[in-house]
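Trainee: Following this message is one structure expressed as structure tokens.
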Amino acid sequence: MKMEQMIKIPLVKYCLIGITGYMVTLSLFWLLVGSQFRWSSETVVFPNGHAVIGELADGTEIVQSFISPMDEIERIEVYFATCARINSGLLTISVQDLDTGFEYLRMELDADAFLEDTRYDVLQGQTLRDVSHRRLGVVFRADSAPERALMLYQDNTARDGYTLAINGRESVGTLTMEIGGSSRTSFNRSFMIFAIASSLILAAYCVNLIARQRKGKKSYGLSFLYNISKYRFLLNQLVKRDFKVKYKRSVLGVLWSLLNPLMTMLIQYIVFSTLFKSSINNFPVYLLIGIIFFSYFTETSSLGIGAIVDNASLITKVYVPKYIFPVSRVFSSCINLMLSLIPLVAVIGITGTAITPQYLLLILPLVLMTMFCLGMVMLLSSIMVYFRDTRFLWNVLSLLWMYATPIFYPESIIPEAILPFYRLNPMYRFIQFARIVVLEGVSPRPRVYLACFLSAVIPLIIGILVFKKLQGKFVLYI
Amino acid sequence: MKGNAMIIETNGISMMYKLNAGRFNSLKEYSLALIQGKLHYDEFWALRDVSLQVQCGEIVGVIGNNGAGKSTLLKVLSGILKPTKGNVAVNGNIVPMLELGSGFDHELTGRENIFLNGAILGYSKEFLLSKYDEIVDFSELGIFIDQPLRNYSSGMLMRLAFSVATIVDPEILIVDEILAVGDDRFQRKSKNKMLSMMGGGTTVFFVSHSLDQIRELCGRAIWLEKGEIKMDGDMLEVCDAYACASS
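Protein sequences appear in the order of chains L and E.
Residue numbers in the first sequence follow our numbering, run continuously in steps of one, and reach 544 at the last position.
Residue numbers in the second sequence follow our numbering, run continuously in steps of one, and reach 405 at the last position.
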């Protein structure tokens, strides 16, 4: 049908809104995660070799020098042996830049303050800034009497960049130590490149679309927009219908959308709290996130699986693009999802969980989960047309899926051997993302973003392809 | 209306149905058939190589015996069925009046259903808002319009459905039998409404078993038999030939 020309789409306006919206989103994203991703924390750990260097007595000077492996060093921990005796004397520790001789800090400590096998942070909370690739030295000197002196643990492995000197003589090995700090990442630069490149591609696509519209040529983007503007009203009506019908004859009506997750949480909290409470921080919030996310998935899939079959009377009588039905089912569950976030906010408030600006990132797993659900619904509803027992099979499968997702149990009890399968579970990914944001108040690591993105896009593409392939014959089988 | 532009053009459309032997409704049946090697099916061609062109403003009557493919042809033209072979080009908005009230939801009120059903038929929101009073007036439902549909009698339901479906001035109207619904008076009213819709310069595709109605309304007739066009031409000639053949 050549109806594309009949409705004039204000493409230039849409394109401008699209590009501006995209850039605002990118900037907002950068503001939220930038400070977190600009630095990555690093640690260097040398194992305890259970060997000690000679006593720190009579003015012995031990210098552990190393080339700084990170931009900022926040702690350098060494291990003292006291030989289970009471030591005495004054221990001086200093940290220096060996090339310039600059002394970052110097401390004088009583040797008897150390207990057996103590781990001691020589920086004591100070941070060494901008030390990347500098040659640093930690100098220990003590005036203790022999047999009343501390010793330092070391191991006998020589490591590149690290030298251990006793009274100026180099010795084989390295002190047992842990260096913790952080380095700048290339996040800022990579993000800038990504933002500029993707905005340019988007802009180029928009220009192409506008040109095609002017010339009256067909394009996917244009017919997509055309379909949206043509069927928006129908979609709107179908979603409204689903929503109205759902609570039509119930006394509490919409309140059920709020009560349902709360009551499920309460029950599971009572049942499982003794089992898992100790290993999970903020168990109510942990539980509620899992419940809300997963029941959205259960609801969309169980409603959506009949999207085509239940509308058979329509599909055989009127021409309507068939994807309208799965999309409308997913959207109506979306309204429920939004409503069920209200109890989540309440529980977050009651439990005193700290609310951070990073909470805005929650939009991402919600949108991605909706894409995933749409993909599943398209797949299931089109298979359902051919095999009516899909519905019963799906009931069992979704129960299995629920137990295979850490909703009420901690992620830590998942056996190592089956962890790779868990990683393939998209629902686990979205829930994990949301829990990191809500419970820790920070953005997840970039890898989690990628996992969530793939978990949403791959099922969606599969769903669309299957639906597209099968939809021509739907009407013959319903 | 544009002059001699072709508003409907089909090119060798054929429609094949797989008969029951090839349709499996459950996974069990399917896998059993797969194992037993019985995955073949019987073909039934409801339409064979149908090519026709319809000009703007023509009123075309389609006649033929039961099972001749009339309804299939209408469904293919309205885009509900995709033809197995061939293609269809339609240059205008189609309103198929195949079955009234599809998409009504019995939990919703009459008012809500007007918008739902209107949206399904492809009307815009502005259009429905402007025609809302006219629809309610025509349906004669009065205060019942705010009642849920489950409380309606079947006559009321059909009146509402008819009023929604006939509110537009489509470019192409596809009619499967003239619909006369409701009581005697409303039947006359609805028949007149349909006749006025069909007479208003619209292109009409009209299926009927009543030769009298075809003679009364159409200028051209198409005679389908076993999925093929047996005759296509002036209404009088085709009707006479058909009447001869069936008597």
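Positions of the beta carbon are idealized from the N, C-alpha and C atoms, including for glycine.
Mind checking whether T382 (chain L) and I238 (chain E) have CB atoms under 8 Å apart?
Mentor: Contact flag set, yes.
Trainee: Between D137 (chain L) and chain E, is there a C-beta pair that is closer than 8 Å?
Mentor: no
Trainee: Check each residue of the region 223-248 of chain E: if its Cβ is closer than 7 Å to any Cβ of chain L, include it; give the result in chain order.
Mentor: S236, G237, I238, L239, K240 and V248
Trainee: Determine the direct distance from the alpha carbon of L288 (chain L) to that of L275 (chain L), and round the result to whole angstroms.
Mentor: 7 Å
Trainee: Between the beta-carbon of T240 (chain L) and the beta-carbon of N348 (chain L), is there less than 8 Å?
Mentor: no
Trainee: Comparing the C-beta of A277 (chain E) with each C-beta of chain L, is any distance below 8 Å?
Mentor: yes
Trainee: Could you give the distance in angstroms between the alpha-carbon of V433 (chain L) and the alpha-carbon of S521 (chain L)?
Mentor: If you draw a straight line from the Cα of V433 (chain L) to the Cα of S521 (chain L), it comes to about 12 Å.
Trainee: Nearest to R104 (chain L) by CA position, among L:G529, L:V532, L:L446 and L:R511, is which residue?
Mentor: L:R511
Trainee: Per DSSP, what are the beta-bridge partners of N245 (chain E) in this structure?
Mentor: E:N169
Trainee: Please classify A215 (chain L) as buried or exposed, where buried requires at least 16 neighbouring CB atoms within 10 angstroms.
Mentor: buried
Trainee: Should E138 (chain L) go down as buried or exposed, given a rule of 16 or more other Cβ atoms within 10 Å for buried?
Mentor: E138 (chain L) is buried by the Cβ-count criterion.
Trainee: Where does M173 (chain E) land, buried or exposed, given buried means 16+ other C-beta within 10 angstroms?
Mentor: Buried, by the Cβ-count rule.
Trainee: Taking the alpha helix (DSSP H) that S379 (chain L) falls in, what are its first and last residues?
Mentor: A378 to I381 is the span of the alpha helix (DSSP H), which, as asked, contains S379 (chain L).
Trainee: Mind listing the chain E neighbours of S394 (chain L)? Cutoff is C-beta to C-beta under 8 Å, in chain order.
Mentor: Simply none; closest approach about 11 Å.
Trainee: Please name the residue, chosen from E:E270, E:F285 and E:G313, that lies closest to V311 (chain L) on a Cα-to-Cα basis.
Mentor: E:E270
Trainee: Going straight from the alpha carbon of M164 (chain E) to that of V248 (chain E), what length do you get?
Mentor: Distance between the alpha carbons of M164 (chain E) and V248 (chain E) is about 9 Å.
Trainee: May I have the straight-line CA-CA distance separating V220 (chain E) from G268 (chain E), to the nearest angstrom?
Mentor: 34 Å
Trainee: For Q162 (chain L), which of helix, strand or coil comes out of DSSP?
Mentor: strand
Trainee: Under three-state DSSP, which class holds D187 (chain L)?
Mentor: strand
Trainee: Between which two residues does the alpha helix (DSSP H) harbouring K74 (chain L) extend?
Mentor: Element bounds for K74 (chain L): n/a, residue is neither H nor E.
Trainee: From V508 (chain L) to A483 (chain L), what distance separates their C-alpha atoms?
Mentor: 29 Å
Trainee: Please list, in chain order, all residues of the same chain as N233 (chain L) whose beta carbon is under 7 Å from its beta carbon, the five residues on each side excluded.
Mentor: T126 and E127
Trainee: Using a C-beta to C-beta distance shorter than 9 Å, which residues of chain L count as neighbours of F202 (chain E)?
Mentor: Going along chain L, no residue has its Cβ under 9 Å from F202 (chain E), so there is no contact; the nearest lies around 11 Å.
Trainee: Quick check on D221 (chain L): does DSSP put it in helix, strand or coil?
Mentor: strand
Trainee: With respect to the alpha helix (DSSP H) encompassing V451 (chain L), which residues constitute its N-terminal and C-terminal limits?
Mentor: I429 to Y452
Trainee: For a quick check, are the C-beta atoms of V146 (chain L) and M217 (chain L) less than 8 Å apart?
Mentor: The question names Val, yet the displayed sequence has Phe at residue 146 (chain L). In contact: F146 (chain L) and M217 (chain L) (Cβ atoms closer than 8 Å).
Trainee: CA-CA distance, G385 (chain E) and R495 (chain L)?
Mentor: 54 Å
Trainee: If you draw a straight line from the alpha carbon of A233 (chain E) to that of M352 (chain E), how long is it in whole angstroms?
Mentor: Here residue 233 (chain E) turns out to be Lys, not Ala, going by the sequence shown. Looking at the backbone, the Cα of K233 (chain E) and that of M352 (chain E) are separated by about 20 Å.
Trainee: Does DSSP put G227 (chain E) in a helix, in a strand, or in coil?
Mentor: The three-state reading of DSSP puts G227 (chain E) in coil, since its state is none of H, G, I, E or B.
Trainee: Using a Cβ cut-off of 9 Å, which residues of the region 363-383 of chain L contact any Cβ in chain E, in chain order?
Mentor: N377, S379, L380, I381, T382 and K383
Trainee: Between F320 (chain E) and chain L, is the shortest Cβ-Cβ distance under 8 Å, so that the two count as touching?
Mentor: At a cut-off of 8 Å between beta carbons, F320 (chain E) makes no contact with chain L.
Trainee: Along the alpha helix (DSSP H) that carries I330 (chain E), what are the first and last residues, could you check?
Mentor: Careful: I330 (chain E) lies outside any alpha helix (DSSP H), inside the beta strand (DSSP E) at I330 to D334.
Trainee: Is DSSP giving F112 (chain L) helix, strand or coil here?
Mentor: coil
Trainee: Cα separation between L235 (chain E) and I371 (chain L)?
Mentor: 29 Å
Trainee: With distance defined between alpha-carbon atoms, name the residue in L:M437, L:D176, L:S237 and L:V541 nearest to A211 (chain L).
Mentor: L:D176
Trainee: Would you mind reading off the limits of the alpha helix (DSSP H) that contains G370 (chain L)?
Mentor: F349 to G370
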